[in-house]
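*Asks:* In the numbering used here, the protein residues as written are 39 to 147.
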């Protein structure tokens with residue numbers, strides 16, 4: 039699959055939209071940072087699946103996946119891998135946890 043096609047299939051969500059989604063519905067929110075980063079603070083309900091330990095079989099049964107990392111680079115790499123596997127409902131938090139914090143939304147430890 040070419041790069042342009044992958045990028046058009048990866049949806050972006052801004053921090054405000056993500057906060058609204060977290061309030062209104064159940065989402066599969068995944069923090070792809072490393073464990074130390076996650077333990078320092080993460081978005082409520084997020085589960086940890088470090089990008090350095092990507093195992094495709096762990097993702098195949100999930101739908102409506104929302105990914106984030108520090109700034110968006112690692113989450114974008116994982117999003118590309120998921121779409122290449124045929125998982126089409128993949129969304130990234132635009133700007134990562136940095137944007138989340140700039141919007142003054144809370145983190146949990």
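Glycine included, C-beta positions come from ideal geometry on N, C-alpha and C.
Bear in mind the structure is a predicted one, so any value in this text is a computation, not a measurement.
1) Can you tell me which residues form a DSSP beta bridge with residue 130?
2) Ignore the nearest five residues each way along the sequence and tell me which others in residue 76's own chain have a CB closer than 7 angstroms to its CB.
3) Quick check on the burial criterion: 16 or more other C-beta atoms within 10 angstroms. Buried or exposed for residue 141?
4) Within the same chain, show all residues whose beta-carbon is closer than 7 angstroms to that of residue 42, passing over the 5 residues directly before and after it, in chain order.
5) Taking the continuous beta strand (DSSP E) assigned at residue 67, which residues delimit it?
6) List the endpoints of the continuous alpha helix (DSSP H) containing residue 113.
*Replies:* So, from the data block:
1) Locating residue 130 in the chain shown gives position 92, where the first residue counts as 1. In the DSSP output, where bridge partners are listed per residue, residue 130 has 50, 105.
2) In the chain shown, residue 76 corresponds to position 38, counting from 1. Only 69, 86 meet the Cβ criterion.
3) Numbered from 1 along the chain shown, position 103 holds the residue referred to as residue 141. Counting Cβ neighbours within 10 Å, residue 141 comes out exposed, since fewer than 16 surround it.
4) Walking along the chain shown from the start, residue 42 turns up at place 4. Residue placement at residue 42 cannot be trusted, given a pLDDT of 49 that sits under 50; the coordinates are not used to answer.
5) Position 29 of the chain shown holds residue 67. Its beta strand (DSSP E) spans residues 66-69.
6) Taking the chain shown and counting its residues from 1, one reaches residue 113 at position 75. Counting along the chain, the alpha helix (DSSP H) containing residue 113 begins and ends at 111-122.
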